[in-house]
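Written below as structure tokens is the structure these notes are about.
In my numbering, the protein residues as written are 21 to 503.
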């Protein structure tokens, strides 16, 4: 089965066919962070969804160029800079808001990188910053829109004329009449129509600004992504992604800008659902957010967070709860139990058994789920079935079954890597520790054989106190570490 993805633009599931005539290269652009505060797990979900998409495309043999931008000039960054003047004083002996904005954006971009690194979410191949593409990239792009007649100057600002954009509203599935009902002109704006949006904002006192043919100013939010995506991936590219909250107005406006400049733009639009708390979107403005740092403090393994995400389809919202995080933790422990038992039973065994039918079936089920619009709940179910088969093999007395467990293990690791799982903590025990535990188990087995059950129970209890649980099976005693 080939990969099918839900395209927000057409509102249907479509077979993924890359632009590359040889079918191997894929370009992806994802809207990245606005860096004015530390990241929360809502940001992490979006980053992780597209990390999984990228990994799966690579798994299927594609060469992926993954671009994710950084918005490092924005009203929120400017507001943050103003807040910090009272605490931090001046920059280089004078009140320099532009320098403070740069310092703040660099600080919180570093925070974002550190958080995603801790979660094991890979960085993009290219990470353009908005401030590095204002002149000449954004100003040239805006000039093209003015020449095409889809934009106009007004009092030092430049606006996009929405009613001149054919098909505007298609991505968000809204008509101009619907959009008109919620549109308005804010104080200080010079737009001709409430639907129009800013491409360029005239400079205000002390705010960051750049030179342009229309006077000093800074770009509107939407123009940066139209400019940077086409600069890095070409006038048309395969996939554009982001959170569902960006469909309107941000992504709708990106399409209008790009097509106004004669660029076909993205072919497939992919949007992840929001992460909510008690049914409300997790956001800094509502004060209901949980930082990545806090999540990893409460749930210290990054796979707990990833499994929490994976158990819901990427297009659906997730409501955060400690109960769901606890369930994700138990799921990870089940994977961990199999891997630890595998290392005990198989790494020293001679020879390799035949590839198991369960392994092939598990991989096929995993790929079928992922090909169906990245259906990670079903993909996880396939991995749990694989683990169950692996447990049966490891617990059997037949040594050939242990060899077959190797192919199950290899398949689990390969599929898990697609989901970014098992990068931390699922490793073989240190040889000296393993030898000590194995020796205690052998001593306990001898005590049981001699019917010295007290000694056997004492050994089990002492191991349990150091976080080692025993499981007696037909094939012998297996153990796993719980902490």
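A virtual CB, placed ideally from N, CA and C, is assigned to each residue, including glycine.
Report yes if the CB atom of residue 243 is closer than 7 Å to the CB atom of residue 219, and no otherwise.
Yes. Within cutoff.
Please check the pair residue 176 and residue 237, which I expect to be a contact at CB under 8 Å, by giving their CB distance rounded to whole angstroms.
Sure, about 7 Å apart at Cβ, within 8 Å.
Grab the span of the alpha helix (DSSP H) containing residue 241 for me, first residue to last.
First-last of the alpha helix (DSSP H) with residue 241: 241-253.
Residue 89 versus residue 459: straight-line alpha-carbon distance, rounded:
If you take the alpha carbons of residue 89 and residue 459, they lie about 54 Å apart.
Closer than 8 Å is the cut-off here; do at least three beta carbon pairs connect the segment 54-66 with the segment 380-397?
Taking 8 Å as the limit for Cβ pairs, the verdict is that the segment 380-397 does not touch the segment 54-66.
Judging by CA-CA distance, which residue of 187, 201, 232, 122 is the nearest neighbour of residue 161?
Closest by C-alpha distance to residue 161, out of 187, 201, 232, 122, is 232.
Where does residue 325 fall in DSSP's three states?
The answer is helix: DSSP assigns residue 325 an H, G or I state.
Chain-order list of residues whose beta-carbon lies under 6 Å from that of residue 252 (same chain, five-residue window excluded):
These residues qualify, in order along the chain: 87, 146.
Curious, which full-length beta strand (DSSP E) runs of at least 3 residues does the segment 45-93 contain?
Segments of the beta strand (DSSP E) lying fully in the segment 45-93: 45-50, 83-88.
Leaving out the 5 sequence neighbours to the left and right, which residues in its chain are closer than 8 Å to residue 118 when beta-carbon positions are compared?
Closer than 8 Å at Cβ, skipping near neighbours: 227, 228, 229.
In chain order, each alpha helix (DSSP H) run of at least 4 residues that lies wholly inside the segment 387-464:
Qualifying alpha helix (DSSP H) stretches, in chain order: 396-415, 419-438.
Cβ-based neighbour list, residue 22, same chain, cut-off 6 Å, excluding 5 preceding and 5 following
35.
Quick one: Cα of residue 191 to Cα of residue 50, how far?
Separation of residue 191 and residue 50 (C-alpha to C-alpha, rounded to the nearest whole angstrom) is 16 Å.
If we call anything under 7 Å between Cβ atoms a contact, is residue 386 one with residue 435?
Contact annotation: residue 386 and residue 435 have beta-carbon atoms nearer than 7 Å.
Could you name the residues of the same chain whose beta carbon sits closer than 6 Å to that of residue 135, not counting the 5 residues immediately before and after it, in chain order?
These residues qualify, in order along the chain: 59, 312.
Once DSSP output is grouped into helix, strand and coil, what is the label at residue 219?
If DSSP states are grouped into helix, strand and coil, residue 219 belongs with the strands.
Validate contact between the segment 280-290 and the segment 307-324 using beta carbons, cut 8 Å, 3 pairs
Output reads no: the segment 307-324 does not touch the segment 280-290.
Taking 7 Å as the cut-off, decide whether the C-beta atoms of residue 42 and residue 83 are in contact.
With contacts defined by Cβ atoms closer than 7 Å, residue 42 and residue 83 do not form a contacting pair.
Going by C-alpha distance, which of 91, 123, 85 is nearest residue 102?
Comparing Cα-Cα distances from residue 102 to each of 91, 123, 85, the minimum goes to 123.
Does DSSP put residue 139 in a helix, a strand or coil?
Residue 139: helix per DSSP, three-state reduction.
Residue 158 and residue 247 - do their beta-carbons sit closer together than 7 Å?
In contact: residue 247 and residue 158 (Cβ atoms closer than 7 Å).
In this structure, how does DSSP classify residue 295 when only helix, strand and coil are distinguished?
Reduced to three states, the DSSP call for residue 295 is strand.
Under the rule that 16 or more other beta-carbon atoms within 10 Å means buried, what is residue 484, buried or exposed?
The residue is exposed, with fewer than 16 neighbouring Cβ atoms inside 10 Å.
Where residue 371 falls, given that 16 or more other Cβ within 10 Å makes a residue buried:
Residue confidence for residue 371 is low, a pLDDT of 43 falling below 50, so the modelled location carries little weight and cannot support an answer.
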